[in-house]
Amino acid sequence: MHQNTQPLVATHIEPLLTVNDLVVRFDSSRGTVHAVDGVSLSIKPGETLGLVGESGCGKSTLGRAIARLVEPQSGSVRLGGVDLTRLTRSGMRPYRRDIQVVFQDPLASLDPRCTVGMLIGEPLRIHGIGDRRQRRDRIADLLSKVGLSADSADRYPHQFSGGQRQRIGIARALALDPRLIILDEPVSALDVSVQAQILNLLVDLQSKLGVAYLFISHDLSVVEYVSDRVAVMYLGRIVETSTREKLWSSPAHPYTRALFDSIPRIDTGDLGRRRHMVQGDLPSAYNPPEGCHFHTRCPRAEEFCAVESPILRTVADSHVAACHFA
Amino acid sequence: MGEPVLSVDGLSVRFDRKGGALTAVDGLSFDISAGETLAIVGESGCGKSLTALALLGLVAAPGRIEGRSVKLQGRDILGLEGEALRRLRGNRIAMIFQEPMTALNPVLTIGEQIIEAITAHEDISHQKARDRAVSLLDRVRIADPRRRVNDYPHHLSGGMRQRVMIAIALACNPALLVADEPTTALDVTIQSQILELLDQIKRESGTAILLITHDLGVVSEYSDRVLVMYAGRKVEERTTRDLLKSPLHPYTRGLIAARPGRHHVNGLRTRLSEIPGMVPSLAEMPHGCGFAARCSFVVDACRIARPPLIPVGADGAVACLRIEEARASEHAAARCDAY
Ligand SMILES: Nc1ncnc2c1ncn2[C@@H]1O[C@H](COP(=O)(O)OP(=O)(O)O)[C@@H](O)[C@H]1O
Ligand SMILES: Nc1ncnc2c1ncn2[C@@H]1O[C@H](COP(=O)(O)OP(=O)(O)O)[C@@H](O)[C@H]1O
Ligand code: SF4
Ligand code: SF4
Ligand SMILES: [Mg+2]
Ligand SMILES: [Mg+2]
């Protein structure tokens, strides 16, 4: 049972991905949303960076901007030294295969009339990889990697359960041997028993293939399980980043602490647990609070928090937080 | 504790179709007392929502509700129809759903909807009903309720809408509140606010609560007893404390062990324990134990007949032929340090 499935990530290794001061805005009749508001992060080869935060805080937009499925207004996304945001559509082409995305229901946006084999083989065909036979072998290999039988290739997406559909999505994402997979809420729609199957699969694949993950989820216990490091987002900004161990043992940002305290636990003895419950609702993304975005709900807020925006500061080795009091 | 508020005996929901009926809820029995929260937990499709709907007589054709009795405060409500059923709903039983937006009327203000709920069951003046609506909004901790009564549902956040649903549910002081995944669509910080609110209502008014959830953390913190469902049947029912401390049914054990969180030992990740396979479809329900195909303790006898519910402890029950073997196997022990 106690098997080491953790990739060994040495600290001196150059990052695979470096995001710097990334900004994504959406304009609409209701106003402007700063969905991603100056985000910086990095991911090393073979590493899992978890990204948590409440719905609407910009996690998906950040993931999509990294994969260039949405265009950022400013900032850079460097993959092994190349700034993807400066590439043209055709210049981006060779790099597309390096970054793949898996969504909550990865087959929802795909043609339901295609067989699973066609769906998994599509990226290979688009990138002109292999002939028909080689592609068929590769599809069989990918199906077996994600724990599906070879005859799945001839069946259709609707014939599969939620967990199996997620396996198919992962197989498709793996087809081009990416260096980074952005997993956007990949287990959020699954029941816990099936969720465990998919999480184990993702961990196994990473240790075999050395692929890095950006693992987006609103579920802290899932993020804790898979991540080496974790970034916490609130209203478009990253408020804290640290290693998994440090974030869980000593969260520095009041929002991170509030998130942890909000999760219902199953430790039975601790009935009188004191909670730092967050008051109130998430503010509107169209009109986020001045100063520290969190001050309207923060139990520690002082007057100047509403004026002065805290920047990310180092609070310990490989641990940064954006709070005046962290 | 006296007579239970709700006493359900042998409740089933079937869907008639060619080639025999599908049984989605299969002979469920349980009680809930005043001031008590009973949680129903289980994976999607196991029949939780249908159970809730059946209590309120809300299962639509081709669904069919059967059972020996469903007693609310001693009176059998099974098979009530028409006006009698309508008066029951929102009067002595109220229900809140995962998606409040589907239950709210988008073209009426929230005040109008609460007033409607009050006057449907009570003959009071509009002004009195309006005052009561304001105080209900206050009770569910909506700030500035005098102004808020005039808001339309789309002005409100998901958490606020769920508070409005709770206000509507409370409009007639129900004896039983049925909450079907009331916080599944909400963020965790809002979830804890809503669940604390329900808990407080229970303590203040002695309302009996049926809390449907798939989250064992929610079960742990907000229920007194828990009924675990698998493929339409009750497989285990215990006090919450007992269930989490010493789960007996292999499915319950599997559910608890499959939860991620706190799986790192000396910085190394340990493998999550999986429940292999998946839930059988209603059309392919096995004869014996519904969990047999996924169970590591299965023996031939499990496949022959449906395992009966065996009493355990003061008021627990487990439907498994091999509890002793399961109890003895330490490797499947629950991870109670996880969250
Ligand atoms: N295409 C879009 N047009 C306008 N607003 C958008 C678009 N996509 C996302 N947003 C807004 O950007 C914010 C961040 O959304 P999203 O990245 O989906 O958050 P998350 O994934 O954390 O839930 C939200 O306020 C959302 O409404
Ligand atoms: N109209 C219907 N005809 C046939 N089966 C149905 C119908 N409605 C629901 N079911 C089945 O009943 C089962 C229980 O559903 P439900 O109570 O919604 O589960 P839960 O709330 O636990 O997720 C599911 O397997 C579902 O497919
Ligand atoms: S800067 Fe102020 S408002 Fe923001 S998290 Fe820190 S204490 Fe709270
Ligand atoms: S009755 Fe048999 S198959 Fe069913 S849970 Fe018990 S041991 Fe497993
Ligand atoms: Mg998202
Ligand atoms: Mg349901």
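Residue numbers (my numbering), protein chains in the order written: chain A, 866 to 1191; chain B, 7 to 345. The beta-carbon is built from N, C-alpha and C at its ideal position, and this holds for glycine as well.
Residue range of the unbroken alpha helix (DSSP H) whose run includes residue i
i: residue 132 of chain B; result: 132-145
i: residue 108 of chain B; result: 106-109
i: residue 166 of chain B; result: 164-176
i: residue 1088 of chain A; result: 1085-1091
i: residue 983 of chain A; result: 981-991
i: residue 355 of chain B; result: This structure cannot settle anything about residue 355 of chain B, because the visible part of chain B is limited to 7 through 345.
Exposure label - residue i; buried when at least 16 CB within 10 Å
i: residue 206 of chain B; result: exposed
i: residue 1151 of chain A; result: exposed
i: residue 1056 of chain A; result: buried
i: residue 156 of chain B; result: exposed
i: residue 297 of chain B; result: buried
i: residue 317 of chain B; result: exposed
i: residue 337 of chain B; result: With a pLDDT of only 44 at residue 337 of chain B, under 50, the local geometry of the prediction cannot be trusted, and no value is derived from it.
i: residue 1273 of chain A; result: Any property of residue 1273 of chain A remains undetermined from this structure, which presents chain A solely from 866 to 1191.
i: residue 347 of chain B; result: In this structure chain B extends from 7 to 345, so residue 347 of chain B is not present and cannot be described.
i: residue 899 of chain A; result: buried
i: residue 1134 of chain A; result: Because the pLDDT at residue 1134 of chain A is just 49, under 50, the model does not fix this residue reliably, and the value given afterwards should be weighed accordingly. When all chains shown are included, residue 1134 of chain A counts as exposed.
i: residue 255 of chain B; result: buried
i: residue 878 of chain A; result: exposed
Min CB distance residue i to chain A below 9 angstroms
i: residue 302 of chain B; result: no
i: residue 223 of chain B; result: yes
i: residue 194 of chain B; result: yes
i: residue 45 of chain B; result: no
i: residue 55 of chain B; result: no
i: residue 265 of chain B; result: yes
i: residue 281 of chain B; result: yes
i: residue 262 of chain B; result: yes
i: residue 255 of chain B; result: no
i: residue 244 of chain B; result: no
i: residue 199 of chain B; result: yes
i: residue 268 of chain B; result: yes
i: residue 275 of chain B; result: yes
i: residue 101 of chain B; result: no
i: residue 278 of chain B; result: yes
i: residue 211 of chain B; result: no
i: residue 171 of chain B; result: no
Interface flag, residue i vs chain B, CB-CB below 9 angstroms
i: residue 1056 of chain A; result: yes
i: residue 1105 of chain A; result: no
i: residue 1152 of chain A; result: no
i: residue 1182 of chain A; result: no
i: residue 1083 of chain A; result: yes
i: residue 983 of chain A; result: no
i: residue 1128 of chain A; result: yes
i: residue 1133 of chain A; result: With a pLDDT of 49 at residue 1133 of chain A, under the threshold of 50, the predicted position of this residue should be treated as unreliable, and no value is reported.
i: residue 919 of chain A; result: yes
i: residue 957 of chain A; result: no
i: residue 1065 of chain A; result: yes
i: residue 912 of chain A; result: no
i: residue 1006 of chain A; result: no
i: residue 1021 of chain A; result: no
i: residue 870 of chain A; result: Model confidence at residue 870 of chain A stands at a pLDDT of 46, short of 50, so the residue's coordinates are unreliable; what they give is reported in the following sentence. Chain B contact via Cβ: present.
Contact belief for residue i with residue j at Cβ below 8 angstroms, rounded distance in angstroms
i: residue 945 of chain A; j: residue 881 of chain A; result: 6 angstroms
i: residue 1186 of chain A; j: residue 1105 of chain A; result: 4 angstroms
i: residue 182 of chain B; j: residue 11 of chain B; result: 6 angstroms
i: residue 914 of chain A; j: residue 1079 of chain A; result: 5 angstroms
i: residue 58 of chain B; j: residue 101 of chain B; result: 7 angstroms
First and last residue of the uninterrupted beta strand (DSSP E) at residue i
i: residue 240 of chain B; result: 239-245
i: residue 900 of chain A; result: 896-908
i: residue 1176 of chain A; result: Premise fails: residue 1176 of chain A is in no beta strand (DSSP E) and is neither H nor E.
i: residue 891 of chain A; result: 882-893
i: residue 939 of chain A; result: 939-944
i: residue 351 of chain B; result: As shown, chain B starts at 7 and ends at 345. That puts residue 351 of chain B outside it, with no answer to give.
i: residue 1104 of chain A; result: 1102-1108
i: residue 317 of chain B; result: 316-318
i: residue 235 of chain B; result: 231-236
i: residue 965 of chain A; result: 964-967
- With distances taken from each beta carbon to the nearest heavy atom of ligand 6, which residues come in below 7 angstroms, in chain order? B:50, B:54, B:55, B:186, B:187, B:218
- Message: Closer than 5 angstroms between the C-beta and any heavy atom of ligand 1: which residues qualify, listed along the chain?
- Response: A:891, A:898, A:900, A:920, A:921, A:922, A:923, A:924, A:925, A:926, A:1150
- Message: Any residue with its C-beta under 7 angstroms from a non-hydrogen atom of ligand 3 counts. Can you list them all in chain order?
- Response: A:1118, A:1119, A:1120, A:1157, A:1159, A:1160, A:1163, A:1165, A:1166, A:1167, A:1170, A:1175, A:1188, A:1189, A:1190, A:1191
- Task: Kindly provide the chain-ordered list of residues whose Cβ lies closer than 5 angstroms to any non-hydrogen atom of ligand 4.
- Result: B:256, B:295, B:297, B:298, B:301, B:303, B:304, B:308, B:313, B:326, B:327, B:328
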